[in-house]
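Let me begin by presenting the structure, written as structure tokens, before commenting on it.
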Amino acid sequence: QNEEKWDFVLVSDIHEMGSEKEIKRKKFLDELSKKGFTIKKIEDTKLFYGVRAPQHIFWKYQCLLTNPNSRQQNSSAYQDIPVTTRIRVVHFILQNTVTSDLEKLHDLMKKKVFEAAFPLHKKEEIREILKKKWARWRVLFKEQPIEEIRCYFGEKVALYFAWLGWYTYLLIFAALAGLATVAAGATVFSSSQVSKEICDANNTIMCPLCDQNCSFWVLSDTCTYAKVTHMIDNEATVVFAMFMAIWATVFLELWKRERATVATSWDLYGWDEEEEELALQLINNSQHEPRLYQHSYFRSTIVLILALLMIMVLIGIAHALVIYRAVAMALFTQSEVNLLSKHADIIAVMTGAVLHYITIVIMTKVNWHVALFLCDLEKPRTFSQRENNFTVKIFLFQFFTNFSSLIYIAFFLGRINGHPGHYVRIAGHWRLEECHPSGCITDLFIQMAVIMVLKQTISNIMEYLIPLISHQLRKKKKRPKKRSLMLGEEEEAEDPCKRQWLNNYELNEVNVFSLFNEYLEMVIQYSFTTIFVAAFPLAPLLALINNVIEIHLDAIKMMRLRRRMVPRKAKDIGIWLQVLEAIGILAVIGNGLVIAITSDFIPVQVYKYMYSPCMRENHTSMDCSTGYINSSLSVFRIQDFEPHTKVLPEFKGKHIQECRYRDYRNADDYTYTVQFWHIFAARLAFLILFEHVALCVKLIAAWYIPDVPQKVKNKILTEKHSNLRNEL
């Protein structure tokens, strides 16, 4: 039984004798034999080489990396080294063994000498526990067995699941708050004076929404949208946005505590990544010299310039989407098909959102290659440093890919398009699109909803189906023909390893970025749930539902559909923590801007306290926002339309002299009114106030919740003390 424990399996095609590939393969395997590795060969449709490392390698590892004080007491502790450590050490040596042609395994794989190298999923009891308690749909709402995950996949994967579980748990509170906001909007604010006025305004005639063949329309047509808008755009949203800013901070602070507890219980507190890497290098080659730290300002400058160029490209794509919507709107409104021309605005926004989703999918692939290229330019010293550099770049690119069109909709849409008689045009021809008649926040709401629902459902389905289908295909392709009939019965004594190795080979391959992808997906989702949450209070709820499914999808993928990951040690989630903190600050700014600029919260308040009937005649009985709609619409005279605008002056049998549009402009010369500047000042004041208050609250929360629990601090303290006392 003990003999058959193989650490790694190398797979290679059957090359002909004496060919270059065969010679290279032999050289590599000889190098391993020199280091004392046991190698076992099994032939099938491919060649399989089982590799087992000699015991002295692990003794060296333990000598180099155990605490000196625990050394005297138990010299018998050499026997049991955890499987995860075993796999990690062997993986490192395999990757860094150099043949006489100065080639490593990585180069040999590129030249198709070897096809794959992977550790095995073995029939251990821990694997059965994980399959039963974790990688199945029945245990959706049970706690995850983090300890077992760590023993099987290593600390890095376990920390990812600990973090994801923690994030999901805290999302419950955010989701409840979001639901409460929407509920308040639907009950308390549904009867708001503003939406009542819109619904009653059946003789307020609005200016046409396009240049050709568009008729005038009546404000009360947008009644249902107005009601929906006021479900999200009310006083409760301001409170909710504040709450989410605090939530983001508290989440990270509590996670730091959770992580400290976990890291101590796993004995990782004094562990140092750099020391580990140096130890492995020395075990592999005792003559190894470390690579020294280097920094080149020239390189950094080039990388910075290229990264900025890439961001410009991503913003350019967002502009292209804007132009698409403007042109589509114009073409749809003029189309012969009644359905298209009637709902042109909605169809333009919807197709725009779908196009946006497609660009996200394509640009993700491009961003990936660009970020890798930039990383290679920087020549990072170690693998972990390279991973950090890559993380920051890919996150920046993905952020702009996902958010640039949302930023446009939230802050620029409808604010840069001029006014009737003097529209801003693309190429002097197409009018820029306007906000939805019931307010700019409606557009943002639709866009957020479409992206969140599409992104999460489609990406989850793809994430599960692609590995599943490719696994089934690999199974079909790899099954060798039964030869046992020709050979009589002696084939029955087939090697017990063969079946196991074949099964592992048929699973989907994993790479360094397998876990990275999961992180990236969750971090982008975290940005959606915090940055524009004021416009879409249901985002945390959608994220919560998605995460509960996501945890188990990932579990099933790792246990049943993928080869075993090479376990890696880590004592925290690395640079992702800084990324999350940056998102937390962006969330404060984003939500402040949404309330100040996108929503109608400020204009209504300014109207209430400066222009309303309450202020003029001291009516306490009436609603102070009475007349708000009328004051927010400006008057436009029909004769001032641009010459190429074709408008039918007849509307419902009446000849029309003037129409209304959303803006604060004078009726005679179309300059801004005093009220516009009042509102502008109020928006700025609110923004500054909101951001400073929210950031102060964040700082207070960060100070109030200590990063490391007292229990952990005390444990470390007593350990240090007892170690010193023993020395004495």
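The numbering of the sequence shown is the UniProt record's numbering, which starts it at 1 and goes up by one.
Each residue gets a CB set at the ideal place from its N, CA and C atoms; glycine is no exception.
Taken atom to atom, the span from the alpha-carbon of Cys199 to that of Tyr225 is near 10 Å. Assigned with DSSP and collapsed to three states, Ser634 falls in strand. Within the same chain, Cβ atoms closer than 6 Å to the Cβ of Pro540 are found at Leu171, Ala174, Ala175, Gly178, Thr529, the five residues on either side in sequence being excluded. The Cβ atoms of Phe641 and Gly414 lie no closer than 8 Å to each other. Non-local C-beta neighbours of Thr84 in its own chain, meaning closer than 6 Å and more than five positions away in sequence, comprise Gly154, Pro567, ordered along the chain. The three-state reading of DSSP puts Asn202 in coil, since its state is none of H, G, I, E or B. Boundaries of the beta strand (DSSP E) harbouring Glu658: 658-662, taken from the DSSP string. The beta carbons of Cys210 and Met329 sit about 7 Å from each other, so the pair counts as a contact at 8 Å.
With fewer than 16 other CB atoms across the displayed protein chains lying within 10 angstroms of its CB, Glu336 is exposed.
Taken through DSSP and simplified to helix, strand or coil, Asn508 comes out as strand. Scanning its chain for C-beta atoms nearer than 8 Å, with the 5 sequence neighbours on each side dropped, one finds around Asn460 the residues Asn546, Ile549, Glu550, Leu553, in chain order. Shortest Cα-Cα distance from Ser12 to any of Asp101, Phe37, Gln62, Phe118 involves Phe118.
For Val594, the closest alpha carbon among the candidates Asn202, Glu691, Cys151 is that of Glu691. Excluding its 5 nearest sequence neighbours in each direction, Phe251 has C-beta neighbours in its own chain below 6 Å: Leu170, listed in chain order.
In the three-state reduction of the DSSP assignment, Ala117 falls in the strand class. Ser286 sits exposed, since fewer than 16 C-beta atoms from the chains shown fall within 10 Å of its C-beta.
The alpha helix (DSSP H) runs lying completely inside the region 503-572 and spanning 4 residues or more are 513-530, 539-556, given in chain order.
Of the residues Asp600, Phe636, Pro643, the one whose Cα lies closest to the Cα of Ser625 is Asp600.
The beta-carbon distance between Leu561 and Leu507, rounded to whole angstroms, is 6 Å. This is short enough to meet the 8 Å contact definition.
Counting the other CB atoms within 10 Å of its CB gives Tyr297 a total below 16, which places it among the exposed residues. Sequence-distant Cβ neighbours of Ile716 in its own chain, meaning closer than 8 Å and more than five residues away, are Thr264, Tyr269. Asp345 counts as buried, since at least 16 other C-beta atoms from the protein chains shown sit within 10 angstroms of its C-beta. Taking 8 Å as the cut-off, the Cβ atoms of Ile87 and Asp30 do not count as close. Residue environment analysis places Glu143 among the exposed positions, since fewer than 16 neighbouring C-beta atoms fall within 10 angstroms of its C-beta. The region 272-285 and the region 365-374 do not touch, with fewer than 3 CB-CB distances between them shorter than 8 Å.
Across the structure, Ile407 and Asn96 are spaced so that their CA atoms are roughly 46 Å apart.
Within a 10 Å sphere around the beta-carbon of Ser191 sit fewer than 16 other beta-carbons, which makes this residue exposed.
Secondary structure at Tyr611: helix, using DSSP grouped into helix, strand and coil. Counting C-beta atoms within 10 angstroms of its own C-beta, His644 has fewer than 16 neighbours from the protein chains shown and is therefore classed as exposed. Taking every protein chain shown into account, the CB of Arg616 has fewer than 16 other CB atoms within 10 angstroms, so this residue is exposed. The residues Tyr357, in chain order, have a CB closer than 7 Å to that of Leu454 in the same chain once the five nearest residues on each side in sequence are set aside. In this structure, the straight-line span from the alpha carbon of Leu355 to that of Pro467 is close to 26 Å.
If you draw a straight line from the Cα of Glu433 to the Cα of His419, it is about 12 Å long. Counting along the chain, no beta strand (DSSP E) covers Arg136, and no H or E run does either. By the C-beta density criterion, Thr66 is exposed, having fewer than 16 other C-beta atoms within 10 angstroms. Each residue's CA atom was taken as its position, placing Phe412 and Val392 some 27 Å apart.
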